[in-house]
Amino acid sequence: MTKLSYPGTGGFQLRFCRTFERLKPFLFLSVLLMLTIVMLVPSGTVVWAFDRDDDEEDETLGGHHDRRTCSGTAQAALRACRHDAKDNFWIAYGKCLNDSHEGNLRECLRDAQHEHREARTLCHQQKKSRLEICTALGEGPYDPEINPAEFLSPAAAAATPNPYFPLVPGLVRVLQAGDETITVTVTEETKEILGVTCTVIRDVVEEHGETIEDTIDWYAQDIFGNVWYFGEIAKNFENGELANLDGSWTGGVDGAKPGIIMKANPEVGDIYRQEFALGEAEDMATVIATTETQERAPAADCADRCVVTHDFLPIDPGHVEKKFYAPGIGNILVIDLDTGKREELIQVIQP
């Protein structure tokens, strides 16, 4: 039988063999690493399976759209949360690979997997909490109509304030929570958002004299007496340095929408969104009392009847704060129902 030969094939085979010889150590290490990962992953799971939902976007966009907007939003937030957890895992995984200390790889990967599982569990807890809100509020979209003509000017709001959330410049409330001191000041500054001129409130949290939070909040009162929350810039500090702006949002920016911080005529059973920036700021409140008279703080009490709310947020499932609002002052007491920690009014300065 005659053997066919092609010009140049001998050189190609030689180059291929040399290249393969150079790559053999790297191929061996790659196989070894893959075997290590397989040994670390619990039985019945595969680390690469984290990517199994990469096609969810196409499936979702290609499906039909019913009007279960609230539930659909909860599902979308779940998927975003799971992808975020997956991204964090792979970043942690990459950092593990660059640990130069032998023997640390196994522990590092285990920690990354543990954190990933915890993050995914939290994602599903958040979805459950959001669905409970859907049951309470209904399936319609959250899209409040903001008509600037239906809002008071800051001067008019100061002249006829909502008694439980007075936007009166010069009003200062100082609260104490353990080692933390919280100073809330209604300023004369204003900011226009969505065509509405808002009053600026500054909220500063200090611990042992060092600022750990410095927040600018924007509020406006409508002609019916409801006080709306239009956003915030939250500066969070660590060791005296600005760490992040987590929790910041502005109504009308990136889908964020204002909510009601205090109704004109709160009634027991009322439930409402105080803010809405999906995945960032989703505080809720439900009114549990409007005639509370027993509770008190060092600088004020509920003798004139306090409005009491339970404040909660699906981003932190299960965490509930009980807030007391006294007429003419505003919030005088916050009780963390998880820990029992009290944030009490210790001083009030009236304008």
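Sequential numbering of the sequence shown, starting at 25, is according to this note's numbering.
Beta carbons are placed, not taken as given, at the ideal position from N, Cα and C, and that holds for glycine.
If you're wondering where the values come from, they're calculated on a predicted model, not measured in any experiment.
Euclidean distance between Cα positions of residue i and residue j
i: residue 65; j: residue 269; result: Residue placement at residue 65 cannot be trusted, given a pLDDT of 45 that sits under 50; the coordinates are not used to answer.
i: residue 186; j: residue 95; result: 33 Å
i: residue 182; j: residue 190; result: 7 Å
i: residue 194; j: residue 326; result: 22 Å
i: residue 287; j: residue 251; result: 6 Å
i: residue 357; j: residue 159; result: 29 Å
i: residue 308; j: residue 101; result: 17 Å
i: residue 237; j: residue 200; result: 14 Å
i: residue 282; j: residue 131; result: 45 Å
i: residue 143; j: residue 352; result: 43 Å
Identity of the residue in the options nearest residue i by Cα
i: residue 192; options: 200, 168 and 178; result: 178
i: residue 367; options: 374, 373, 355 and 375; result: 355
i: residue 217; options: 169, 240, 275 and 153; result: 275
i: residue 148; options: 346, 281 and 342; result: 342
i: residue 323; options: 155, 248 and 196; result: 196
i: residue 271; options: 264, 302 and 284; result: 302
i: residue 136; options: 280, 267 and 109; result: 109
i: residue 103; options: 151, 117 and 374; result: 151
i: residue 172; options: 220, 155, 198 and 205; result: 220
i: residue 176; options: 134, 249 and 334; result: 249
i: residue 277; options: 263, 265, 305 and 262; result: 305
i: residue 364; options: 113, 344 and 370; result: 344
Cβ-based burial, residue i [other Cβ within 10 Å; buried from 16]
i: residue 81; result: Residue placement at residue 81 cannot be trusted, given a pLDDT of 49 that sits under 50; the coordinates are not used to answer.
i: residue 290; result: buried
i: residue 259; result: buried
i: residue 164; result: exposed
i: residue 121; result: exposed
i: residue 170; result: buried
i: residue 241; result: buried
i: residue 124; result: exposed
i: residue 83; result: With a pLDDT of only 49 at residue 83, under 50, the local geometry of the prediction cannot be trusted, and the value read off the model is given with reservation. So residue 83 ends up on the exposed side.
Assumed close pair residue i, residue j - CB separation to whole angstroms, cut-off 8 Å
i: residue 319; j: residue 348; result: 5 Å
i: residue 234; j: residue 203; result: So it is not a contact: roughly 10 Å between Cβ atoms.
i: residue 161; j: residue 295; result: 7 Å
i: residue 315; j: residue 329; result: 5 Å
i: residue 375; j: residue 153; result: Not quite, the Cβ-Cβ distance comes to about 39 Å (not below 8 Å), so this is no contact.
i: residue 383; j: residue 253; result: Only positions 25 to 375 of the chain appear in this structure, which leaves residue 383 out of reach.
First and last residue of the uninterrupted beta strand (DSSP E) at residue i
i: residue 268; result: 265 to 268
i: residue 240; result: 234 to 245
i: residue 189; result: Looking at the DSSP string, residue 189 is not in any beta strand (DSSP E), and its letter there is neither H nor E.
i: residue 313; result: 308 to 316
i: residue 285; result: 281 to 286
i: residue 146; result: Note, residue 146: premise wrong, no beta strand (DSSP E); alpha helix (DSSP H) at 128 to 161.
i: residue 200; result: 196 to 201
i: residue 343; result: Looking at the DSSP string, residue 343 is not in any beta strand (DSSP E), and its letter there is neither H nor E.
i: residue 334; result: 330 to 336
i: residue 222; result: 220 to 231
Delimiting residues of the alpha helix (DSSP H) encompassing residue i
i: residue 117; result: 93 to 121
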